[in-house]
Amino acid sequence: MSGGIVVVGASLAGLRVAEALRGNGYTGRLRLVGDEHHLPYDRPPLSKQVLTGEWEASRTALTTPEKLAEAGIETVLGARAVAVDTEAVTLADGDRIDYDQLVVATGAAARTWPGAAPDGRVHRLRTLTDSVRLRTALADDGPMTVVGGGFIGLEVAAAARGSGLDVTVVELASTPLEPVLGPELGACFTRLHRAAGVRVLTGVPITSLQETPDTVAVRLADGTELVAAHVVVGIGAKPNNDWLAGLGLDDAAGVPCDARGRAADRVWALGDVAVWEEPMYGDCARHEHWTTAVDQAAVVAAAVLGRESGRPPALPYFWSTQYDVNFQLVGRPDLASSVHVLEAGEDGSDRGTVFAFTDATDRRVAVAAFHNPRRFLRLRRDLQQELTTAPVRR
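All letters in the sequence shown, in the order written, are residues 1 to 394 by full-length UniProt numbering.
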């Protein structure tokens, strides 16, 4: 075969693994395939600086055509992978791209509301196009309803409220972020948004969502009707791995990999689409984190070339900025059985509070800080050392 290495997914993960392959001395053919027409771009600003208008969309670019050409990285953009076998990737237009080694970095897609018109008043936020379109919606004077109190939903709510809109967040759980962080931290985010003037409704299912040319009506099971100019749906994401059915790698949870990203013979995966073995925690997990994509890229690039990366496994790390508060999280809160306060906030407020997540054996598995970066940095280092020295056994 002479297809070289093909990276499917012109994402942060895809770009970084391609760059790392060149950095590790790979001189063969290297192609980066993406379904969007944009060059790889940074996603965190989509729900922050781009959405608020602080940044132009072009500022999110992670590379340039000149840099890619200099590195010898060919790009195939606007080309969606729809199938694969042991020799080639098939694109939506019927073209086939042969490969010697395949790296999957196709990320995840935002879940949509059933029946919502693709270009109507019901929005999602996953791509650069989504962010630019939603930014236009923020220019309207009408109210906004956010369906889903996860991180994306709350960041959108903060941006919309900062633009002067009346905002309502609807979350099925008892607090925003409860499924991810538990009710204690969820209550902190509830207080943060309510203090900013956001209406937060929890614990009530949505029974219908009806769109007209001018409004969207969201009806709740308790009879409440929320009429908005725009609705943003933030109800999670699913891995983009349906196209891998030909290799048996289309599991709904993501592409299963070992601790170096190997999914099958000559096939590797990383980033939002991949479920990696995590020796420090004794299980497997998929993370939609910026730093995870970067860390895994170095590991995969070395593994593809038959080398060790020389980097110790990194703990999952995430951050979110809402209003003037920076939230940071490291570790695996999903493995925790309890959450407790390590350090109380300033003057009894949530700001400055630090939390520890412990499992059933009282092992610390994650830490989080509500606007306390210095304390968080020390705790992050401590947790990394603890789990590197004595991994969690399951």
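Where is the CB? At the ideal position from N, CA and C, for every residue including glycine. Quantities reported herein were computed from a predicted structural model and do not represent experimental measurements.
| Item | Value |
| --- | --- |
| Residues near V167 by beta carbon distance below 6 Å, same chain, minus five either side | M144, A157, A160, R161 and V198 |
| Residue from E184, G182, V180 and L192 with nearest C-alpha to V169 | L192 |
| Proximity to V365 [Cα-Cα], best of E211, G3 and V330 | V330 |
| Validate contact between the region 332-341 and the region 175-184 using beta carbons, cut 8 Å, 3 pairs | yes |
| Nearest candidate by alpha-carbon position, reference F327, set R374, H287 and A108 | R374 |
| Distance, Y99 Cα to A13 Cα | 19 Å |
| Meets three-Cβ-pair contact criterion under 8 Å: the region 220-240 and the region 104-111 | yes |
| Simplified DSSP state of P256, which is helix, strand or coil | strand |
| Distance between T353 and residue 439 (C-alpha atoms, nearest Å) | This structure leaves residue 439 out entirely; the chain is present only between 1 and 394. |
| Assigned exposure category for H37 - 16 Cβ within 10 Å defines buried | exposed |
| Beta-carbon proximity of A105 to L244, cut-off 7 Å | no |
| Per-residue DSSP class, three states only, for G331 | strand |
| C-beta contact flag for L21 and A253 at 7 Å | no |
| F370 vs D347 beta-carbon contact at 7 Å | no |
| Simplified DSSP state of L68, which is helix, strand or coil | helix |
| Span separating the alpha-carbon of W268 from that of T60 | 26 Å |
| Secondary structure of W290, DSSP reduced to three states | helix |
| C-alpha distance - P118 paired with D141, whole-angstrom precision | 22 Å |
| Continuous alpha helix (DSSP H) stretch holding V198: start and end | That residue, V198, is in no alpha helix (DSSP H); it is neither H nor E in DSSP. |
| Cβ-based burial, S47 [other Cβ within 10 Å; buried from 16] | buried |
| Close-in-space but distant-in-sequence residues of the same chain around G150 (CB under 6 Å, 5 per side omitted) | G234 |
| Identified DSSP bridge partners for Q101 | I5 |
| Environment of D251 [buried if 16+ CB atoms lie within 10 Å] | exposed |
| Reduced DSSP secondary structure (H/G/I, E/B, other) of D382 | helix |
| Per DSSP, cross-strand counterpart(s) of R364 | T358 |
| Range of the contiguous beta strand (DSSP E) that encloses V267 | V267 to A269 |
| Candidates V6, R80 and F189: closest to V103 by CA position | V6 |
| Which listed residue (L68, L62, Y317 and N24) has its alpha carbon closest to that of R31 | L68 |
| Any chain E beta carbon closer than 7 Å to R375 | No chain E appears in this structure, which consists of one protein chain only. |
| R332, buried or exposed, once every other Cβ within 10 Å from all chains shown has been counted against 16 | buried |
| Where I206 sits in the DSSP three-state scheme | strand |
| Three-state secondary structure assigned by DSSP to D242 | helix |
| Sequence-distant residues of its chain with Cβ nearer than 8 Å to A303 (five each side left out) | R260, G261, R262, W268 and S309 |
| DSSP bridge partner residues for H230 (one or two, in chain order) | M144 |
| Buried or exposed by the 16-neighbour rule on C-beta atoms within 10 Å, applied to Q101 | buried |
| Expected contact under 8 Å - CB spacing of L91 and V82 to nearest Å | 7 Å |
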